[in-house]
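Below is one structure, written out as structure tokens; comments come after it.
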Amino acid sequence: STITGLNVDNGAYKRYSVTFVENHDVEYRSVSEQQDPIRKDTLAANAYLLAMPGTPCVFYKHYLAYPKEIKAMIDARKLAGITNESAYRPYRSSNDYYANVVTGEKGDLLVVVGKGANQLDVPSSRYKKLLSGYHYAYYLAREAELPWADKANGSYESENLKVKLVAVSADDNARLVYTLDGSTPTIGSNNVANGAEITLPEGKTILKVA
Numbered sequence: 507s508t509i510t511g512l513n514v515d516n517g518a519y520k521r522y523s524v525t526f527v528e529n530h531d532v533e534y535r536s537v538s539e540q541q542d543p544i545r546k547d548t549l550a551a552n553a554y555l556l557a558m559p560g561t562p563c564v565f566y567k568h569y570l571a572y573p574k575e576i577k578a579m580i581d582a583r584k585l586a587g588i589t590n591e592s593a594y595r596p597y598r599s600s601n602d603y604y605a606n607v608v609t610g611e612k613g614d615l616l617v618v619v620g621k622g623a624n625q626l627d628v629p630s631s632r633y634k635k636l637l638s639g640y641h642y643a644y645y646l647a648r649e650a651e652l653p654w655a656d657k658a659n660g661s662y663e664s665e666n667l668k669v670k671l672v673a674v675s676a677d678d679n680a681r682l683v684y685t686l687d688g689s690t691p692t693i694g695s696n697n698v699a700n701g702a703e704i705t706l707p708e709g710k711t712i713l714k715v716a
């Protein structure tokens, strides 16, 4: 399409796009001022927002309600290297789900949303699941060769907190090395098999995985 003579279909302006699913202008305020809030599938909406190109703006109340889930989505976006200028392509769609592949600077992220998001048959030879929840799922292309921990940064009120470490790798036998003091992992650091769980000690822990 053209607006005042400018072609807006060539992608030149996508770097300026700011995306959001809800803000203070549409949130529920009172019975007399209900506005137009997101009433369901809040996490699925944010999962789509945070996987797609543009500069995503998360509604603060959504973050307060689901801090760990949304932080994990943000971590996945950063891991894949998705930016406001990333490209994407449709992957598959039906009445039950909608899926896109977004090309990040570090790997391709597959985002699936909809009531059938977790029933979609995604080939494990091509993609590794990073996270999933109610009506959403993220997968990263295996050739990315990146580590992933299934717990987002934050405080957890849990003894013996377990964290699953995943190697997004074309090598089925890939292992991960990690440290708990914030130092850079080396070949001599603790190592575990792909998909193994480790238990974090109580207190402040800085987990680094490679």
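If you use the numbering used here, the sequence shown corresponds to residues 507 to 716, in order.
Cβ atoms here follow ideal geometry from the backbone N, Cα and C, with glycine treated the same way.
>> Going by C-alpha to C-alpha distance, which of 557, 585, 574 sits closest to residue 595?
In response: 557
> Can you tell me whether DSSP reads residue 588 as helix, strand or coil?
Replying inline: coil
>> Give me, in chain order, the residues of the same chain whose beta-carbon lies closer than 6 Å to that of residue 700; leave out the 5 immediate sequence neighbours on both sides.
In response: 673, 680
> Skipping 5 residues on each side, what residues in its chain have a beta carbon closer than 7 Å to that of residue 599?
Replying inline: 605
> Helix, strand or coil: how does DSSP classify residue 668 here?
Replying inline: strand
> Quick one, which of 638, 611, 522, 613 has its alpha-carbon nearest residue 551's?
Replying inline: Nearest option by C-alpha distance: 638.
> Among 611, 574, 690, which has the Cα closest to the Cα of residue 592?
Replying inline: 611
> Looking at the structure shown, is residue 507 part of a helix, part of a strand, or coil, going by DSSP?
Replying inline: Legend: pLDDT at residue 507 = 46, less than 50; position of this residue unreliable, value from coordinates given subsequently. In the structure shown, residue 507 adopts coil according to DSSP, grouped into three states.
> Quick one: is residue 722 buried, meaning 16 or more other Cβ sit within 10 Å of its Cβ, or exposed?
Replying inline: Any property of residue 722 remains undetermined from this structure, which presents the chain solely from 507 to 716.
> What span of residues does the beta strand (DSSP E) with residue 682 cover, start to end?
Replying inline: Where residue 682 is concerned, the enclosing beta strand (DSSP E) starts and stops at 681-685.
>> Going by beta-carbon coordinates alone, are residue 633 and residue 645 separated by less than 9 Å?
In response: yes
>> Based on DSSP bridge pairs, tell me the residues matched to residue 618.
In response: 605, 643, per the DSSP bridge assignment.
> For residue 607, which residues of its own chain have a beta-carbon under 6 Å away from its beta-carbon, when the five flanking residues on both sides are left out?
Replying inline: 595, 597, 614, 616
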